[in-house]
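Student: If you're matching them up, the sequences are chains A and B in order.
In terms of the working numbering, the first sequence is numbered consecutively and its last residue is 156.
In terms of the working numbering, the second sequence is numbered consecutively and its last residue is 156.
C-beta atoms are modelled at their ideal positions from N, C-alpha and C, and glycine is treated no differently.
Pasting a structure here, questions to come.
2 protein chains.
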Amino acid sequence: MSISSRFAVGIHILSLLGINQEDVNTSEYIAKSVNTNPVVIRKIIGMLKKAQLVNVRPGVAGAELAKDLSDITLLDVYKAVNVVQEKDLFGRHESPNPSCLVGRNIQTAIEPLFSSAQRALEKSLENVTIQDVVSDILKQEESVAGQNQREC
Amino acid sequence: MSISSRFAVGIHILSLLGINQEDVNTSEYIAKSVNTNPVVIRKIIGMLKKAQLVNVRPGVAGAELAKDLSDITLLDVYKAVNVVQEKDLFGRHESPNPSCLVGRNIQTAIEPLFSSAQRALEKSLENVTIQDVVSDILKQEESVAGQNQREC
DNA sequence: ATTACATGTAACATAAATAGTTACAAATAA
DNA sequence: TTATTTGTAACTATTTATGTTACATGTAAT
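Okay, here's the thing in structure tokens:
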């Protein structure tokens with residue numbers, strides 16, 4: 005099991021939009037950077053749009069950030085791309101036997117534990133913004149300056 | 005996406021073994037409490053055994069705890085049942101375009117962020133033991149005392 | 001208006017993982 | 001030797017992620 009790569013791709017897209025603010029970032033262009041199909045990008049951008057993180061319009065080329073880079077946390081992206089349902093990072097086994105001591109109480113016992121682990125994860129994601137990611141990308145690039153040809 | 009219910013079932017099994025220490029807990033018996041197939045239980049018990057959390061022997065009926073309840077954390081169980089590979093709670097998108105500024109740096113930028121979120125989750129799981137779960141189960145049962153018939 | 005082009009979506013194709021099931025070999029105790 | 005249980009292989013069904021083709025719809029520019 006792994007949390008869908010949609011999350012990673014979402015971060016990629018937003019970072020790209022942040023760095024290429026001048027350019028027209030079409031789904032085809034972004035797809036080349038991510039190295040996938042444009043339709044995959046459009047679907048994810050659709051989710052980011054619904055979460056009001058980007059602006060896109062049918063018929064008009066290019067997506068744009070709807071917020072400052074520093075106002076978008078990883079948690080925003082994580083929630084936007086729907087990799088995990090509200091309370092469901094951890095799967096539960098349904099219908100344990102109610103005529104068993106453990107069976108009838110396990111769900112209630114486990115729930116708060118799972119919730120708090122999930123919250124710990126989400127808080128960690130909330131502490132990082134896309135701006136942080138972009139800054140890190142630019143810093144890495146500096147450190148290998150000279151060899152940076154750019155196709156996109 | 006959800007983390008496999010194997011994790012929840014693993015917790016269920018260990019709690020049951022803790023509560024029914026006197027009894028002989030066969031896979032069939034446990035399966036009734038969890039409400040699933042005995043083979044599913046055996047597979048999970050096999051994982052718990054490999055992680056040295058339980059003792060079982062082929063031919064000998066019943067599984068037993070290999071440690072004190074208070075020495076088994078949820079993280080131990082989580083790792084035992086292999087719901088998540090070592091560094092892979094978050095899926096990455098493979099092969100982003102190396103001729104793009106973002107493409108060639110995104111992985112490195114994201115990795116530590118994902119790792120620390122995963123660590124936050126795991127630390128939360130590490131703070132809880134099966135003993136805590138069992139205590140909670142027994143406490144819940146008390147609060148509805150009187151109606152507690154037991155089939156298992 | 002027509003054209004060119006991009007977005008938005010439906011529909012489908014794999015592929016991988018989960019969960020369950022049947023069947024049976026191997027181990028053990030009585 | 002017999003009955004019972006664990007351990008596993010093999011198979012099925014279901015779900016989800018990801019990618020792909022195809023096309024309708026929206027927009028701007030000619």
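Is it buried or exposed for D72(B), if we count other Cβ within 10 angstroms and need 16 for buried?
Tutor: In the second sequence, counting from the first residue as 1, residue 72(B) sits at position 68. Per the 10 Å Cβ criterion, exposed.
Student: I'd like to know if Q144(A) contacts chain B, where contact means its C-beta is closer than 8 Å to some C-beta of that chain.
Tutor: For the purposes of this step, residue 144(A) is taken as residue 140 along the first sequence, with counting starting at 1. So, interface residue.
Student: Which bits of chain B does A55(A) rub up against, with CB to CB less than 8 Å?
Tutor: Taking the first sequence and counting its residues from 1, the one referred to as residue 55(A) is at position 51. Within chain B, no residue comes near A55(A); the closest Cβ sits about 18 Å away, beyond 8 Å.
Student: Give a yes or no on whether the C-beta atoms belonging to T133(A) and I76(A) are separated by under 8 Å.
Tutor: Against the first sequence, residue 133(A) aligns to sequence position 129. Against the first sequence, residue 76(A) aligns to sequence position 72. Result yes, Cβ atoms of T133(A) and I76(A) sit closer than 8 Å.
Student: Residues of the region 89-109 of chain A with a CB closer than 7 Å to any CB of chain B: list them in chain order, please.
Tutor: Listed by position, the residues of the region 89-109 of chain A near chain B (Cβ gap below 7 Å) are D92, L93, F94, G95, R96, H97, S99, P100, N101, S103, C104, L105, V106, G107, N109.
Student: Name, please, each residue of chain B whose Cβ falls closer than 8 Å to the Cβ of I2(A).
Tutor: Because chain A spans 5 through 156 in this model, residue 2(A) falls outside it and cannot be assessed.
Student: Roughly how many angstroms separate the alpha carbons of L93(B) and D140(A), rounded to a whole number?
Tutor: Within the second sequence, numbered from 1, the residue matching residue 93(B) stands at position 89. Within the first sequence, numbered from 1, the residue matching residue 140(A) stands at position 136. So the two alpha carbons sit approximately 22 Å from each other.
Student: What are the start and end residues of the alpha helix (DSSP H) that includes V79(B)?
Tutor: What you label residue 79(B) is simply residue 75 of the second sequence in a count that begins at 1. With the sequence shown as reference, residue 79(B) is identified as Leu, and Val is not the correct amino acid for it. 78-84 is the extent of the alpha helix (DSSP H) around L79(B).
Student: Report all residues from its chain with a CB closer than 7 Å to the CB of M51(B); omit the five preceding and five following residues, and keep chain order.
Tutor: Here residue 51(B) is taken as the residue at index 47 of the second sequence, counted from 1. The residues are A84, V85, N86.
Student: Grouping DSSP H, G and I as helix and E and B as strand, with all else coil, what is G95(A)?
Tutor: In the first sequence, the residue the question calls residue 95(A) occupies position 91. Three-state result, G95(A): coil.
Student: Can you tell me which of the three DSSP states L129(A) falls into?
Tutor: Sequence index remark: in the first sequence, residue 129(A) carries index 125 (1-based). Reduced to three states, the DSSP call for L129(A) is helix.
Student: Can you grab the Cα-Cα spacing for the pair L57(B) / G66(B), in whole Å?
Tutor: As a working note, residue 57(B) is residue 53 in the second sequence. As a working note, residue 66(B) is residue 62 in the second sequence. Those two C-alpha atoms are separated by around 14 Å.
Student: Helix, strand or coil for V106(A), going by three-state DSSP, please let me know.
Tutor: As a working note, residue 106(A) is residue 102 in the first sequence. Note: V106(A) maps to helix in three-state DSSP.
Student: What three-state label does DSSP hand V87(A) in the structure shown?
Tutor: Taking the first residue of the first sequence as position 1, residue 87(A) is located at position 83. The answer is coil: DSSP assigns V87(A) none of H, G, I, E or B.
Student: Give the interface partners of V87(A) over in chain B, defined as CB-CB distance under 8 Å, in chain order.
Tutor: Along the first sequence, one-based indexing puts residue 87(A) at 83. Within chain B, the residues near V87(A) are M5.
Student: Residues of chain A with CB closer than 8 Å to the CB of N59(B), please, in chain order.
Tutor: Walking along the second sequence from the start, residue 59(B) turns up at place 55. Neighbours of N59(B) on chain A: none; closest Cβ ~19 Å, over 8 Å.
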